[in-house]
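A short write-up of the structure that comes next.
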Ligand code: SF4
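Residue numbers (my numbering): 60 to 757.
Here it is in structure tokens:
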């Protein structure tokens, strides 16, 4: 039996794997994040190990357009030839990598190093840009440090009140719900969501409140709550004086957001806003604010999270022993992947690629001249938009991501991939993105590899190998070592995960995400290790802000935000996740029981809206946005606002909602706007000028 963690989300539920005739059998294991529980995605993860459609050898696209098996030697030769030719013809930045937040820390570290040293390119980013970058940016500028939850998740058990903004944990990470039990018992779970989601339902029967704003108005809601806190004398003035700066400037901007104005913008009654603000300020037990993708995946996502942190600071919550603000990381290693080199502007240890001291520290570990490390690259949306264009990447490796489904304006992404000179995709299956590849490479699955992951609370966890991968499947660490050698890259290249981790730890020493006191051996101890864990201290840091924040003066910043836009379109498409599926669905759409439960996409429409547009439950509807038009089956639901429709993003081809999502991004973080796309709605075949007119008038 092998103790490891789930391959999917950032809760990283603990599980025990036992080799079985068809892969492994999975059992939940007692652990602080999951208490032994798993969701249906975790329970069924083992079914993907022995699927007959799994890639087990490299596939190369021939002149006839068909993917056919080749040997690893042939794959390396053709790939290396393409990399060298691309660099010679177009320069080093014409080679690039798009990574994934499901990769282990070791793979993420080595992949980022490979781009900078072996390719000499700045062009690397990852799909975590789609899900964590606004919260990360806001946390860095307000608190000086980005660690998803700056406290162990078990601290929530003591909570009197939890304000959960834009996160449907009851579907996305069901074992997390146990941590909300204290707040629910105290009547203090406050959920902000345009849908009465499964999580919002947890507020029923006196367990709390559900605030149901228009999509895209979350920042206004938070400004309104902060206004009430100041106007009604609820702020923690001693805390503000001792631990923060910037109150006067923030106060001036908040004056404009009185509750009745916020009600007009958000649709949330002023009485509810006042009740929520006063509840947040009540004692005697802890209060927590938690944000998720629902409020972060917006063009004002960084400012919305900043507004949430401002509210938490006004209430004196961050850094308290039993209170705080945090963001619920989504992907399994969303935290670790950005800490160790997959982000365009970062080096290992959460170091800045633009900072001379950070560059010198990493260069010393890599054994290279600091000047040989390229500067900042492009954030994901821009990187994808410029593929195959002058100055853009022409030879791309996509590792552990499926942007043809998961990226905004997904149709344009597919077209961009086809402009490339050479596309390599590593995955378990021929994903929708792999269909565009010249070379498809098999990858090891979680039960077949050693490594580490960093969960939503900054806790570094061991992933352990329970079974051997199929013959022909090798780790990306092996691929990276082979390619680096063929390209005569400087530095040391190892395919041993423990050895790579040791180098990662050295490269992170003194950085914000300092792992230098950790090793695989140490992480095998039965105790938690939340970073930072500096070498020599023997300690970890479960609550990094109890004494001081991470800015040089130790104080948190209260920061005014850009005023949010007013109410958006009259009908807004918002996207999100379902209980049965994970991310782009490459894995979960191949699990029989999950697909049986959720075989296809639907668009949730309020019955009043459906009646207005002549739509019936189960019948197709057409949605049209600035990015395109698609048809999808209607699911009537009174749980959604009449001015909002919801479509999950796990499905592909005609059912891929991201074909309708435009590629607008937050100007600070580069995070796309996934949650508020103006759309027109019609019954299929009847998008008449009259209906268009209906869609654009109240
Ligand atoms: S909640 Fe997340 S980590 Fe836990 S079993 Fe489900 S998918 Fe896996």
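Cβ coordinates follow ideal geometry from the N, Cα and C atoms, glycine included.
On a predicted model such as this, the values are computed, not experimentally measured, just so you know.
Beta bridge counterpart(s) of residue 223 as assigned by DSSP: Taking the chain shown and counting its residues from 1, one reaches residue 223 at position 164. Residue pairing by DSSP puts residue 223 in a beta bridge opposite 250 and 349.
Beta-carbon contacts of residue 755 that lie in its chain and below 6 Å, excluding the five residues immediately before and after: By one-based count along the chain shown, residue 755 stands at place 696. Note on residue 755: pLDDT 31, under 50, position unreliable in the model; the coordinate value appears next. Same-chain partners within the cutoff: there are none.
Chain-order list of residues whose beta-carbon lies under 7 Å from that of residue 165 (same chain, five-residue window excluded): Here residue 165 refers to the residue found at position 106 of the chain shown. Correct list, in chain order: 510, 511, 536, 556, 559, 560 and 563.
Distance between residue 419 and residue 434 (C-alpha atoms, nearest Å): Here residue 434 corresponds to residue number 375 of the chain shown, with the count starting at 1. Here residue 419 corresponds to residue number 360 of the chain shown, with the count starting at 1. Near 13 Å, if we compare the C-alpha coordinates of residue 419 and residue 434.
Any non-hydrogen atom of ligand 1 closer than 8 Å to residue 91 Cβ: Along the chain shown, read from residue 1 onward, the residue named residue 91 stands at position 32. Checking the Cβ of residue 91 against ligand 1 gives no.
From 469, 739, 98 and 375, residue whose alpha carbon lies closest to that of residue 629: The residue given as residue 629 occupies position 570 in the chain shown. Among 469, 739, 98 and 375, the Cα nearest to that of residue 629 belongs to 739.
Whole-number beta carbon distance between residue 636 and residue 230, since they are thought to touch under 8 Å: Indexing the chain shown from 1 puts residue 230 at position 171. Indexing the chain shown from 1 puts residue 636 at position 577. Indeed, because the Cβ distance is near 6 Å, the residues count as touching under 8 Å.
Which of helix, strand or coil DSSP assigns to residue 585: For the purposes of this step, residue 585 is taken as residue 526 along the chain shown, with counting starting at 1. Note: residue 585 maps to coil in three-state DSSP.
Expected contact under 8 Å - CB spacing of residue 642 and residue 107 to nearest Å: By 1-based counting over the chain shown, the position of residue 642 is 583. By 1-based counting over the chain shown, the position of residue 107 is 48. About 14 Å separates the Cβ atoms of residue 642 and residue 107, ruling out a contact at the 8 Å cut-off.
Residue burial classification, residue 652 (beta-carbon count within 10 angstroms, cutoff 16): The sequence position of residue 652 within the chain shown is 593, counting from 1. Its Cβ having fewer than 16 others within 10 Å, residue 652 is exposed.
Three-way DSSP call (helix, strand, coil) for residue 116 in this model: Here residue 116 refers to the residue found at position 57 when the chain shown is read from its first residue. If DSSP states are grouped into helix, strand and coil, residue 116 belongs with coil.
Contact the stretch 214 to 233 vs the stretch 342 to 350: 3+ CB pairs below 8 Å: yes
Residue of 379, 84 and 731 minimising C-alpha distance to residue 506: To locate residue 506, count along the chain shown from 1; it is residue 447. Looking at the Cα atoms, 84 is the closest of the given residues.
Residue 751 versus residue 471 - alpha carbon distance: Translated into positions along the chain shown, residue 751 becomes position 692. Translated into positions along the chain shown, residue 471 becomes position 412. Low local confidence applies: a pLDDT of 38 at residue 751 is under 50, so the model's placement there is unreliable, with the coordinate-based value given in what follows. Going from the Cα of residue 751 to the Cα of residue 471 covers about 25 Å.
Residue(s) in a DSSP beta bridge with residue 157: The residue you call residue 157 lines up with position 98 of the chain shown. 184 and 457.
Alpha helix (DSSP H) runs contained entirely in the stretch 224 to 290, provided each spans 4 or more residues: If we require 4 residues or more, the alpha helix (DSSP H) runs fully inside the stretch 224 to 290 come out as 228 to 231, 240 to 244, 257 to 260 and 277 to 290.
Residues near residue 71 by beta carbon distance below 7 Å, same chain, minus five either side: Position 12 of the chain shown, counted from the start, is the residue given in the question as residue 71. These residues qualify, in order along the chain: 64, 65, 92, 391, 512, 514 and 520.
Rounded straight-line distance, which links the Cα of residue 67 to that of residue 101: As a position in the chain shown, residue 101 is number 42, starting the count at 1. As a position in the chain shown, residue 67 is number 8, starting the count at 1. Approximately 7 Å, taken between the alpha carbons.
Residue 65 CB to nearest heavy atom of ligand 1 below 8 Å: As a working note, residue 65 is residue 6 in the chain shown. Answer for residue 65: yes, Cβ within range of ligand 1.
Residue range of the unbroken beta strand (DSSP E) whose run includes residue 663: The residue given as residue 663 occupies position 604 in the chain shown. Per DSSP, residue 663 belongs to the beta strand (DSSP E) from 661 to 664.
Cβ separation of residue 632 and residue 736, assumed to be a contact under 8 Å, to the nearest whole Å: The count along the chain shown starts at 1 and reaches residue 632 at position 573. The count along the chain shown starts at 1 and reaches residue 736 at position 677. Their Cβ separation, rounded to whole angstroms, is 4 Å, which keeps residue 632 and residue 736 in contact under 8 Å.
DSSP three-state assignment for residue 737, whether helix, strand or coil: The sequence position of residue 737 within the chain shown is 678, counting from 1. It is a strand residue.
Exposed unless 16 or more other CB atoms sit within 10 angstroms - verdict on residue 311: Locating residue 311 in the chain shown gives position 252, where the first residue counts as 1. Exposed, because fewer than 16 other Cβ atoms sit within 10 Å of the Cβ of residue 311.
Residue from 461, 727, 524 and 251 with nearest C-alpha to residue 159: Stepping through the chain shown from its first residue, residue 159 is reached at position 100. Ranking 461, 727, 524 and 251 by Cα distance to residue 159 puts 461 first.
Distance between residue 118 and residue 413 (C-alpha atoms, nearest Å): Numbered from 1 along the chain shown, position 354 holds the residue referred to as residue 413. Numbered from 1 along the chain shown, position 59 holds the residue referred to as residue 118. Answer to the nearest angstrom: the Cα atoms are 38 Å apart.
Straight-line gap, residue 453 to residue 566 (C-alpha atoms, nearest Å): As a working mapping, residue 453 is identified with position 394 in the chain shown. As a working mapping, residue 566 is identified with position 507 in the chain shown. Straight-line Cα distance between these residues: approximately 30 Å.
For residue 694, three-class secondary structure by DSSP: Your numbering for residue 694 matches position 635 in the chain shown. Residue 694: strand per DSSP, three-state reduction.
Minimum length 3: unbroken beta strand (DSSP E) runs contained in the stretch 346 to 420: 383 to 386
8 Å CB neighbourhood of residue 699 in its chain, flanking five on each side removed: Looking up residue 699 in the chain shown gives position 640. For residue 699, same chain residues with a beta-carbon under 8 Å away, outside a window of 5 residues either side, are 253, 254, 255, 663, 664, 665 and 705 in chain order.
Unbroken alpha helix (DSSP H) run spanning residue 536, endpoints: Within the chain shown, residue 536 is the residue found at index 477, counting from 1. Residues 535 to 545.
Buried/exposed call for residue 111, threshold 16 Cβ in 10 Å: Counting from one through the chain shown, the residue named residue 111 turns up at place 52. Residue 111 comes out exposed.
The stretch 284 to 303 in contact with the stretch 373 to 383 per 3-pair CB rule at 8 Å: yes
Three-way DSSP call (helix, strand, coil) for residue 483 in this model: The count along the chain shown starts at 1 and reaches residue 483 at position 424. Correct three-state label for residue 483: strand.
Buried/exposed call for residue 195, threshold 16 Cβ in 10 Å: Taking the first residue of the chain shown as 1, we reach residue 195 at position 136. So residue 195 counts as buried.
Distance, residue 465 Cα to residue 264 Cα: Reading the chain shown from its first residue, position 205 is the one you call residue 264. Reading the chain shown from its first residue, position 406 is the one you call residue 465. When rounded, the distance between both Cα atoms is 37 Å.
heavy atom of ligand 1 below 8 Å from residue 101 C-beta: Reading the chain shown from its first residue, position 42 is the one you call residue 101. Yes, the beta carbon of residue 101 sits closer than 8 Å to at least one heavy atom of ligand 1.
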